[in-house]
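Working notes, beginning with the structure itself.
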Amino acid sequence: MTLTQAEKAAVVNIWAKVATQADAIGAESLERLFSSYPQTKTYFPHFDLSQGSAQLRGHGSKVMNAIGEAVKHIDDIRGALAKLSELHAYILRVDPVNFKLLSHCILCSVAARYPTDFTPEVHAAWDKFLSSVSSVLTEKYR
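Shown next, in the form of structure tokens:
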């Protein structure tokens, strides 16, 4: 799934805003994930999953750092996330559907924070971008 130049620009432009609040957006996205899809909690039995917990904020930060790396290397997402893909497939063995669920939660969090900037075109670009990220993270499962 190749992003057009306009889609890449839309992703990068919104990321410039998201990056300033990435940790909070990451934590909020995980809270949405665990609230909307409670089965995803099974991968975090050792975490305090209560709202605003240090572990939730820490993992949210890691998630958004990975998204930031994908944005930074938007023309080589596969290369940028190769190690993360291997970790989730071979060591953590995360169900691949969870990446799509988390992508949806990230979209919701970003749209809620930037409603004016998150136009239908930007939404579509981010959806396509996060689908590419999810695809890269699940390709080791095949």
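Letter by letter, the sequence shown follows residues 21 to 162 of our numbering. All residues carry an ideal CB built from backbone N, CA and C; glycine is no exception.
- Judged by DSSP in its simplified three-state form, P116 adopts coil rather than helix or strand.
- A direct Cα-to-Cα measurement between V130 and V38 gives close to 7 Å.
- Counted as a single uninterrupted DSSP element, the stretch harbouring K160 is not any alpha helix (DSSP H), since DSSP gives it neither H nor E.
- In the structure shown, the three-state DSSP call for Y57 is coil.
- Measuring C-alpha to C-alpha distances from K92 to each of L157, E27, V156, W35 identifies W35 as the nearest.
- Pairwise C-beta distances place the segment 126 to 141 in contact with the segment 43 to 53, as three or more of them are shorter than 8 Å.
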